[in-house]
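Below is one structure; the comments refer to it alone.
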Amino acid sequence: MIRNRGFIPLTAITFVILMIGLLRYFHSDQSPQAKERPIKEAPTTPAAKPKPPSSAIRHSPLADRINQPGGNAARDLETIHVLLFQMRSSVKNLSSKPMGTNAEFTAVLTGNNGLRLAAIPPDHPAINDNGELIDRWGNPVFFHSESSIKTTLRSAGPDGKLFNEDDIIYPDGP
1 MIRNRGFIPL TAITFVILMI GLLRYFHSDQ SPQAKERPIK EAPTTPAAKP
51 KPPSSAIRHS PLADRINQPG GNAARDLETI HVLLFQMRSS VKNLSSKPMG
101 TNAEFTAVLT GNNGLRLAAI PPDHPAINDN GELIDRWGNP VFFHSESSIK
151 TTLRSAGPDG KLFNEDDIIY PDGP
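In the UniProt record's numbering, the protein residues as written are 1 to 174.
What follows is the structure, given as structure tokens:
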């Protein structure tokens, strides 16, 4: 038991020294001189005027490819299909909204959806006066909903008549 007599005073002295050290460390910057240090201010420059919000509806740059000169109908349908896929991926519960006609699909693609997100601008030249997407020959694109997530697109082709040999279908089909 004689060995433990020196342990308690040594522990107490170590504790007191530690506390004094901690107090000096944390309170050393609290002197009046430390509080009055000058603070360098960054030079002020006039704030840039915020840009007014754009009145144009933002849309996917892919929409600009639809019916462009130098393109083709198969590429146009592929672009519309990709935009529709992106919209379905972005807007929750889009598959619960019934879509069957060209005008219904076009309305969703032009911003009539839960996020008010427009993949195609409403004034796009590929949209006719009836609010339908048209192919490069001016005929409404036929949307065939095979399920809530699968849609086949069909252009009537140059003759303007659906369901014959010159139709363009995306994705490729019979």
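Beta carbons are placed, not taken as given, at the ideal position from N, Cα and C, and that holds for glycine. Values in this document were obtained by computation on a predicted structure and should not be read as measured data.
Whole-angstrom distance between residue j and residue i, CA atom to CA atom
i, j, result
"Pro52", "Arg58", "Per-residue confidence for Pro52 stands at a pLDDT of 42, beneath the threshold of 50, marking its modelled position as unreliable; the derived number appears in the next sentence. The straight-line gap from Cα to Cα measures roughly 14 angstroms."
"Ile169", "Ile80", "12 angstroms"
"Gly131", "Gln68", "19 angstroms"
"Gly71", "Val82", "16 angstroms"
"Ile66", "Leu77", "8 angstroms"
"residue 236", "Ser90", "Here the chain has residues from 1 to 174 only, and residue 236 is not among them."
"Pro61", "Ala118", "11 angstroms"
"Asn112", "Ala73", "25 angstroms"
"Gly114", "Asp129", "24 angstroms"
"Asp123", "Asp64", "12 angstroms"
"Thr101", "Lys92", "20 angstroms"
"Arg136", "Ile127", "11 angstroms"
"Thr151", "Leu84", "9 angstroms"
"residue 199", "Gln86", "Summary: the structure shown does not reach residue 199, with the chain confined to residues 1 through 174, and so no result is reported for it."
Residue burial classification, residue i (beta-carbon count within 10 angstroms, cutoff 16)
i, result
"Gly138", "exposed"
"Ser55", "In this prediction, Ser55 scores a pLDDT of 44, lower than 50, which makes its location untrustworthy; the coordinate-derived value is nonetheless stated afterwards. It counts as exposed."
"Pro125", "exposed"
"Pro140", "buried"
"Ser155", "buried"
"Arg116", "exposed"
"Asp172", "exposed"
"Asn134", "The displayed chain sequence assigns Ile, not Asn, to residue 134. By the 10 Å Cβ count, Ile134 comes out buried."
"Ile13", "exposed"
"Ile17", "exposed"
Whole-Å CB distance - residue i paired with residue j, under 8 angstroms assumed
i, j, result
"Thr110", "Pro121", "7 angstroms"
"Pro158", "Asp166", "6 angstroms"
"Arg88", "Ile149", "6 angstroms"
"Phe143", "Leu153", "6 angstroms"
"Pro145", "Met99", "A quick correction: the sequence has Ser, not Pro, at residue 145. With 8 angstroms as the limit, Ser145 and Met99 qualify as a contact, their Cβ atoms being about 7 angstroms apart."
DSSP beta-bridge partners of residue i
i, result
"Ala118", "Thr110"
"residue 175", "Nothing can be reported for residue 175, as the shown portion of the chain is limited to 1 through 174."
"Leu83", "Bridge partners of Leu83: none, in fact."
"Ile168", "Ser155"
"Ile127", "Leu133"
Within-8 angstroms CB hit, residue i to chain B
i, result
"Pro122", "This model lacks chain B altogether, as it is built from one protein chain only."
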